[in-house]
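Sequence positions in the sequence shown follow this note's numbering and run 58 to 211. Have a look at the structure below before the remarks.
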Amino acid sequence: MIDINNESAVEIDESVLLRLTQENLAALHVSPDAEVAIVLVDEGAMEQLHLQWMDEPGPTDVLSFPMDELRPGTEDQPTPPGLLGDIVLCPQVAESQAETAGHSTMDELILLTTHGLLHLLGYDHAEPDDEREMFGLQRELIAAFAASERRRPA
Numbered sequence: 058m059i060d061i062n063n064e065s066a067v068e069i070d071e072s073v074l075l076r077l078t079q080e081n082l083a084a085l086h087v088s089p090d091a092e093v094a095i096v097l098v099d100e101g102a103m104e105q106l107h108l109q110w111m112d113e114p115g116p117t118d119v120l121s122f123p124m125d126e127l128r129p130g131t132e133d134q135p136t137p138p139g140l141l142g143d144i145v146l147c148p149q150v151a152e153s154q155a156e157t158a159g160h161s162t163m164d165e166l167i168l169l170t171t172h173g174l175l176h177l178l179g180y181d182h183a184e185p186d187d188e189r190e191m192f193g194l195q196r197e198l199i200a201a202f203a204a205s206e207r208r209r210p211a
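Written as structure tokens, this is what we have:
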């Protein structure tokens, strides 16, 4: 189950984030019954969370809060259902980063949602090898989603 709650003042096409998360979970062989929540918050709320959980001032783009410590499965052995966790996004920060990167805010939110989901599944980027693995998988998932979106009927 994927629950999306937009508490920010920014209008977002939640159906895109829903399809993205469904496709990413399927690609990572995670049960479709795994529970994940995606919450979009404004800068003030994100700043509070960032300070509370990371002890860092200012709003950030994405925070992940893993719950049951689920890991990606395999085709033969998918990850069982469970409580994957929460992904918190800040669309205002995403919008600013998207401008700098030269793409849309939705493209940035797709990147951040995928990034947050990988964190929920135990991926990290603290060490160079881990960063290469996580960011490589992130690129693959985003490219696969972009391809499936192009094939969707208009």
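Every residue, glycine too, gets a C-beta built ideally from N, C-alpha and C. It should be emphasised that the depicted structure is a prediction, and the values quoted were computed from it without experimental measurement.
According to DSSP, serine 121 sits in a beta bridge with which residue or residues?
For serine 121, which the question treats as bridged, DSSP gives the partners Ile144.
Terminal residues of the alpha helix (DSSP H) in which glutamate 212 lies:
Nothing can be reported for residue 212: it is not among the residues displayed for the chain, which extend from 58 to 211.
Closest Cα partner of leucine 194 within the set Gly173, Leu75, Cys147, Leu108:
Taking only the C-alpha atoms, the option nearest leucine 194 is Gly173.
Could you tell me which of Pro148, Glu156, Leu74, Asp70 sits nearest to threonine 171, measuring between CA atoms?
Of the listed residues, the one whose Cα sits closest to threonine 171 is Leu74.
Identity of the residue in Leu140, Arg128, Ala151 nearest leucine 120 by Cα
The candidate whose alpha carbon is nearest that of leucine 120 is Ala151.
Under 8 angstroms, with one C-beta from each stretch per pair, do the region 160-170 and the region 194-207 reach the 3-pair mark?
Result yes; three or more Cβ-Cβ pairs closer than 8 angstroms.
Would DSSP call valine 73 helix, strand or coil?
Three-state DSSP puts valine 73 in a helix.
Rounded C-alpha distance that separates glycine 130 from glutamate 184:
C-alpha of glycine 130 to C-alpha of glutamate 184: approximately 23 angstroms in a straight line.
For alanine 91 and glutamine 134, I'd like the C-alpha separation in whole angstroms.
Near 14 angstroms, if we compare the C-alpha coordinates of glutamine 134 and alanine 91.
Is leucine 97 helix, strand or coil when you go by DSSP?
DSSP places leucine 97 in strand when its eight states are reduced to three.
Can you tell me where the alpha helix (DSSP H) with aspartate 164 in it begins and where it stops?
Where aspartate 164 is concerned, the enclosing alpha helix (DSSP H) starts and stops at 162-177.
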